[in-house]
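Only one structure is covered here, and it is reproduced in the block below.
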Amino acid sequence: MNSHLAKLFRPRLALLNGVTAVGGACLFPASVPAATLLAGCSGVTLLAMGGSALNQLLERDVDALMTRTMLRPLPQGRLSTSAVLLAGIGTILAGLATLSATGGLLPILLGISALVWYLAVYTPLKQKTALALPLGALCGAFPPLIGWSLAGGGLTDYRIIILAGLLFIWQIPHFWLLQNRHEADYLKAGIRLVEFCAMPSGRAALFLLWLTAMVAATILLPALGCIASPMAPWFLLTSLIPVVAVLVRSERLQFPIFSLFPLALTIILIVQKII
Numbered sequence: 009m010n011s012h013l014a015k016l017f018r019p020r021l022a023l024l025n026g027v028t029a030v031g032g033a034c035l036f037p038a039s040v041p042a043a044t045l046l047a048g049c050s051g052v053t054l055l056a057m058g059g060s061a062l063n064q065l066l067e068r069d070v071d072a073l074m075t076r077t078m079l080r081p082l083p084q085g086r087l088s089t090s091a092v093l094l095a096g097i098g099t100i101l102a103g104l105a106t107l108s109a110t111g112g113l114l115p116i117l118l119g120i121s122a123l124v125w126y127l128a129v130y131t132p133l134k135q136k137t138a139l140a141l142p143l144g145a146l147c148g149a150f151p152p153l154i155g156w157s158l159a160g161g162g163l164t165d166y167r168i169i170i171l172a173g174l175l176f177i178w179q180i181p182h183f184w185l186l187q188n189r190h191e192a193d194y195l196k197a198g199i200r201l202v203e204f205c206a207m208p209s210g211r212a213a214l215f216l217l218w219l220t221a222m223v224a225a226t227i228l229l230p231a232l233g234c235i236a237s238p239m240a241p242w243f244l245l246t247s248l249i250p251v252v253a254v255l256v257r258s259e260r261l262q263f264p265i266f267s268l269f270p271l272a273l274t275i276i277l278i279v280q281k282i283i
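Counted from 1, the sequence shown has number 190 at position 182 by this note's numbering; the numbering is strictly sequential.
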């Protein structure tokens, strides 16, 4: 992929969203066709790529202020705003079409809702209130919901609520580690998300609280029988990933280790489905 397009679409991050959609589908107790899993992964990945493009369009002036983002295509003038708009909308439409190929209306509505929440709620609130962080973390709950609904599940089932809630909780400490590496950048750009994490006296305690909630939510799925033996012990081991990430002293390694958590969850759910 062209380097400018890669920075615009952020395919690796988008694919992680697609993978968690597969996890949601694999949690569904009945058999799920391979075509449905493929549609969930590719459809959600395309939606995330399109959302990334439109987000960068909305935040192009802010991106120009930050060292971490100033080399993106729009601040550098490598792509025009009209090209980014068309690319973003086209990719989103492709994602919705992919979801519609194997699912009903619910996955499409969830995909649209995720994008609206991300672009119309989270993005503008980032410079207005630190509460944008927990609000934005809700976006992380949508991919497994989409996968589950593609498989035929309803949204009131406790199993998918726990999995979606777990990925929502994961988003908070995940961003926390990111802002620790780029806090000066965020402050320079006036992004107030860092204020949610910037309480010197209670920062460690609050981070530990989110981490504990994450581990507890991970344990809930096997405890309630959603993850059966022999995969339950392996699923429980994934709760150690965030703990290991925190114990690692290198800031450069903490974030990528922590990012492995949803991937590890999904792999276990896939293996459980196969066996």
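Glycine is no exception: its CB is placed at the ideal position from the N, C-alpha and C atoms. The structure presented is a predicted model; accordingly, all values stated were derived computationally and were not measured.
message: For L114, which residues in the same chain have their Cβ closer than 6 Å to its Cβ, ignoring the five residues on either side in sequence?
response: Counting only Cβ-Cβ distances below 6 Å, and skipping sequence neighbours, we find S157.
message: Less than 8 Å between C-beta atoms, sequence neighbours within five positions excluded: which residues of the same chain meet that for S258?
response: For S258, same chain residues with a beta-carbon under 8 Å away, outside a window of 5 residues either side, do not exist.
Continuous alpha helix (DSSP H) stretch holding M57: start and end: Looking at the DSSP string, the run of the alpha helix (DSSP H) that includes M57 is 42-66.
field: Proximity to G148 [Cα-Cα], best of K15, G26, L261, A91
entry: Closest option to G148, Cα to Cα, is G26.
Enclosing alpha helix (DSSP H) for V254 [first to last residue]: V254 -> alpha helix (DSSP H) spans 248-255.
message: Which of the three DSSP states is assigned to C234 in this structure?
response: C234 sits in coil when the DSSP states are folded into three classes, being neither helix nor strand.
- request: Go through its chain and collect everything with a Cβ distance to G162's Cβ below 8 Å, but skip five positions before and after it.
  value: Counting only Cβ-Cβ distances below 8 Å, and skipping sequence neighbours, we find nothing.
field: Close Cβ partners of V223 (< 8 Å) along its chain, the five nearest in sequence each way excluded
entry: Closer than 8 Å at the Cβ level, and outside the excluded window around V223, lie S247, P250, V251.
- request: Within its chain, find whatever has a CB closer than 7 Å to the CB of Y130; leave out the 5 residues flanking it on each side and keep chain order.
  value: Take Y130, set aside five residues on each side of it, and the residues of its chain with a beta-carbon closer than 7 Å to its own are A140, L143, G144, C147, in chain order.
field: Cβ-based burial, N285 [other Cβ within 10 Å; buried from 16]
entry: Outside the displayed span of the chain (9 to 283) sits residue 285, for which this structure offers no information.
query: Would you call the CB atoms of G58 and T89 closer than 7 Å?
result: Cβ distance not < 7 Å, so G58 and T89 don't count as in contact.
task: Classify G32 as helix, strand or coil using the three-state DSSP reduction.
output: G32 falls in the helix class under three-state DSSP.
query: From which residue to which residue does the alpha helix (DSSP H) around R189 run?
result: According to the DSSP assignment, R189 belongs to the alpha helix (DSSP H) that extends over 166-196.
query: Looking at C-beta atoms only, is the number of pairs between the region 262-279 and the region 23-38 that lie closer than 8 Å three or more?
result: Proximity of the region 262-279 to the region 23-38 meets the contact definition, three or more beta-carbon pairs being nearer than 8 Å.
- prompt: Can at least three beta-carbon pairs, one atom from the region 190-198 and one from the region 262-271, be found at a separation below 8 Å?
  reply: Verdict: no, contact absent.
- prompt: Is Q84 helix, strand or coil when you go by DSSP?
  reply: Three-state result, Q84: helix.
query: Helix, strand or coil for G162 per DSSP?
result: For G162, the three-state secondary structure derived from DSSP is coil.
Stretch pair the region 74-85 + the region 32-47: three plus CB contacts closer than 8 Å: Touching, no.
From A213, V124, S121, L229, residue whose alpha carbon lies closest to that of I170: Answer by Cα proximity: L229.
message: Quick check: the Cα distance between A159 and G111, rounded to an integer number of angstroms?
response: Distance between the alpha carbons of A159 and G111 is about 8 Å.
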